[in-house]
Amino acid sequence: MKEIKPGYKETPIGILPRDWDVKRLGELLEFKNGINASKEQYGSGIKFINVLDILNNEYITFDKVVGKVNINQETLDKYDVNYGDILFQRSSETREEVGTASVYLDNNPNVTFGGFVIRGKKISDYFPIFLNKVLKNSAVRNQITSKAGGSTRYNVSQEILEGVLIPIPPKEEQEKIAQILMTWDEAIEKQEELIEQEKEFKKGMMQKIFSQKLRFKDENGNDYSEWEEKKLGETISFIVDNRGKTPPFQENGIPLIEVNSIGKKKIDYNIIKKYVSEEVYNNWFRKYLKKNDILFSTVGATGLCSIYDETIKSIIAQNIVGLRFEFQNHIFIFYLLTFEENNVKFKKIQMGAVQPSLKVTQMTEIKFLFPPLPEQEKIANFLSTIDEKIEVLEKKLEELKEQKKGLMQKLLTGEVRV
């Protein structure tokens, strides 16, 4: 039996401070499904909160709401949203997102909500930001997601939300908890802004570099020779292409790199789920990756690239090819192919609408401008320095999010009192 510290009590949702209550969400909020307007009504009129507003915003304000719907005053009166109301995602393709909540923190009531949203209208005395935080806590989220119905789409009902149990501290403590967590939110938001600024800077520099408005000079301060136009295939010495070969998979071993793990310079091995044995690796495949090959997606999300660094022996899925370049800097090639105006060239030749695909024979015919190798190296080093700064900023962002997550767990269960 779990030991209960002095000043705490056992409740249906775990051990909480004695002066905290446990309430059903239905005691705090009155629920209503959103409006289902005709297609012609959208695009103008009253501001309209949809699922993306909930998913993309920690707090919703009037200015953040982009969508509009044309409804009369009588309908708005029935479906209005006021300060402190909580909006829930009613339906989702994933169980993890269904029932996600966000709070409306604005005194402008000229806003409504859509059919895939459930509004929880404030009917009790609570601090809105605190309740919004509680609804993001894993223990509360599990109450919602575990009861969500559906197979291809998951849905929550008003009845499910009404029965969710919520820990409620005294009002003063609610406010203190909310203020502490908002401090972390502000730090996270500032960090995200820094990352976005650095990404915009990189985008601008790539534009200047690949339009040749910015040129690098050699060690003596002299200009490099002019860039040469070449077909992509002229610079490739070997292509690793294992299409038509679906091997037997297992839960560990040599990783299979799929499209969802490429797109950044480094391959994301953390999300890889499929592996093959050493025997399958040696006997099943025709071609193998080598260090500095450029991995390029040819089916689905086409044109995504990563660099294979050979630190982990791997194979590639059928919707990826490995491009081996001769007399080119592999890091420069990564930037060349991922530069937006170059990458769109691949989109123009892809076939299929539902599942776009690229023919290797066609993509190798696309022409690009190539600087001399020494300038390629300088470009690669320059852009890599920016990427390294972005990585440091992103690592700091993840640390802040983890700190907030740990703090939320302690504050929202009363483990730490304020």
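When we follow my numbering, the leftmost residue of the sequence shown carries the number 505, and every step to the right adds one. All residues carry an ideal CB built from backbone N, CA and C; glycine is no exception.
Run the CB neighbour count on residue i, radius 10 Å, all protein chains shown included, and call it buried at 16 or more, exposed below.
{"i": "Gly624", "result": "buried"}
{"i": "Gly918", "result": "buried"}
{"i": "Lys629", "result": "Contrary to the premise, residue 629 reads as Asp rather than Lys in this sequence. Asp629 comes out exposed."}
{"i": "Asp523", "result": "exposed"}
{"i": "Pro510", "result": "exposed"}
{"i": "Arg790", "result": "exposed"}
{"i": "Lys772", "result": "The sequence shown places Asp at residue 772, not Lys. So Asp772 counts as exposed."}
{"i": "Lys675", "result": "exposed"}
{"i": "Thr932", "result": "Residue 932 falls outside the range modelled here, since the chain spans only 505 to 922, and no answer is possible."}
{"i": "Leu877", "result": "exposed"}
{"i": "Lys795", "result": "exposed"}
{"i": "Asp727", "result": "exposed"}
{"i": "Phe592", "result": "buried"}
{"i": "Ala857", "result": "exposed"}
{"i": "Arg528", "result": "exposed"}
{"i": "Ile627", "result": "exposed"}
{"i": "Glu814", "result": "exposed"}
{"i": "Pro635", "result": "According to the sequence shown, residue 635 is Leu rather than Pro. So Leu635 ends up on the buried side."}
{"i": "Val573", "result": "buried"}
{"i": "Ile648", "result": "buried"}
Out of the options, point me to the one whose CA is closest to residue i's CA.
{"i": "Lys707", "options": "Gly571, Ser888, Asn796, Asn574", "result": "Ser888"}
{"i": "Asn774", "options": "Asn540, Glu762, Ser781", "result": "Glu762"}
{"i": "Lys817", "options": "Gly757, Ile564, Asn554", "result": "Gly757"}
{"i": "Ser715", "options": "Phe874, Tyr608, Lys851", "result": "Phe874"}
{"i": "Lys717", "options": "Trp731, Pro751, Glu704", "result": "Trp731"}
{"i": "Pro752", "options": "Asn787, Ala857, Phe720", "result": "Asn787"}
{"i": "Glu881", "options": "Lys536, Lys768, Lys721", "result": "Lys721"}
{"i": "Ile539", "options": "Glu755, Thr579, Tyr563", "result": "Thr579"}
{"i": "Ser650", "options": "Asn724, Ile664, Leu556", "result": "Ile664"}
{"i": "Tyr812", "options": "His834, Asn764, Gly804", "result": "His834"}
{"i": "Lys778", "options": "Glu702, Thr515, Gln754, Lys770", "result": "Gln754"}
{"i": "Tyr563", "options": "Arg594, Asp891, Lys640, Arg645", "result": "Lys640"}
{"i": "Leu808", "options": "Asn823, Gly571, Ile622", "result": "Asn823"}
{"i": "Ser765", "options": "Lys734, Ile819, Glu733", "result": "Ile819"}
{"i": "Glu895", "options": "Asn646, Glu702, Ile575, Gly910", "result": "Glu702"}
{"i": "Phe566", "options": "Gly588, Gln577, Asn576", "result": "Gly588"}
Please go through the same chain and pick out, in chain order, the residues whose beta-carbon is closer than 6 Å to the beta-carbon of residue i, but skip the five residues on each side of it.
{"i": "Pro613", "result": "Asp584, Asn586"}
{"i": "Gly530", "result": "Glu666"}
{"i": "Glu679", "result": "Phe631"}
{"i": "Pro860", "result": "Thr806, Gln854"}
{"i": "Thr739", "result": "Phe829, Gln832"}
{"i": "Ser596", "result": "Val602, Tyr658"}
{"i": "Asn561", "result": "Lys568, Ser606"}
Which partner residues of residue i appear in the DSSP bridge assignment?
{"i": "Ile564", "result": "Tyr608"}
{"i": "Ser801", "result": "Ile824"}
{"i": "Met855", "result": "Ser861"}
{"i": "Lys633", "result": "Correcting the residue type first, residue 633 is Ile in the shown sequence and not Lys. Partner(s): none; Ile633 has no beta bridge."}
{"i": "Phe829", "result": "Ile740"}
{"i": "Asp727", "result": "Lys721"}
{"i": "Tyr658", "result": "Ser596"}
{"i": "Tyr512", "result": "Pro521"}
{"i": "Gln754", "result": "Tyr779"}
{"i": "Phe617", "result": "Ile553"}
{"i": "Ile590", "result": "Val607, Gly624"}
Excluding the five sequence neighbours on either side, which residues of its own chain have a C-beta within less than 7 Å of the C-beta of residue i, listed in chain order?
{"i": "Ile517", "result": "Val526, Ala643, Leu669, Pro671"}
{"i": "Leu736", "result": "Met867, Thr868, Ile870, Phe872"}
{"i": "Met686", "result": "Ile633"}
{"i": "Arg747", "result": "Gln822"}
In its own chain, which residues sit with a C-beta less than 8 Å from the C-beta of residue i, not counting the 5 before and 5 after it?
{"i": "Leu520", "result": "Tyr512, Lys513, Val526, Pro671, Thr917, Gly918"}
{"i": "Val922", "result": "Glu677, Lys680, Ile681, Ile684, Leu915"}
{"i": "Met709", "result": "Leu718, Phe886, Leu887, Ile890"}
{"i": "Gln913", "result": "Asn641, Ser642, Glu919"}
{"i": "Phe617", "result": "Gly538, Ile539, Phe552, Ile553, Asn554, Tyr583, Val585, Leu591, Arg623"}
Would a check of beta-carbon distances place residue i closer than 8 Å to chain B?
{"i": "Pro876", "result": "Among the chains of the structure shown, chain B does not appear; only one protein chain is present."}
Count Cβ pairs between the stretch 681 to 695 and the stretch 904 to 916 that sit closer than 8 Å; are there 3 or more?
Segments in contact, yes.
Report yes or no: do three or more beta-carbon pairs, one from the stretch 840 to 849 and one from the stretch 798 to 818, lie closer than 8 Å?
Yes: the two stretches touch, three or more of their Cβ pairs being nearer than 8 Å.
Can you confirm whether the stretch 591 to 610 touches the stretch 575 to 583 when touching is taken to mean that 3 or more C-beta pairs between the two stretches lie within less than 8 Å?
No contact exists between the stretch 575 to 583 and the stretch 591 to 610.
Report yes or no: do three or more beta-carbon pairs, one from the stretch 769 to 785 and one from the stretch 735 to 749, lie closer than 8 Å?
The stretch 769 to 785 vs the stretch 735 to 749: no contact.
The stretch 826 to 840 / the stretch 696 to 707 touching (three or more Cβ pairs under 8 Å)
Short answer: they don't touch.
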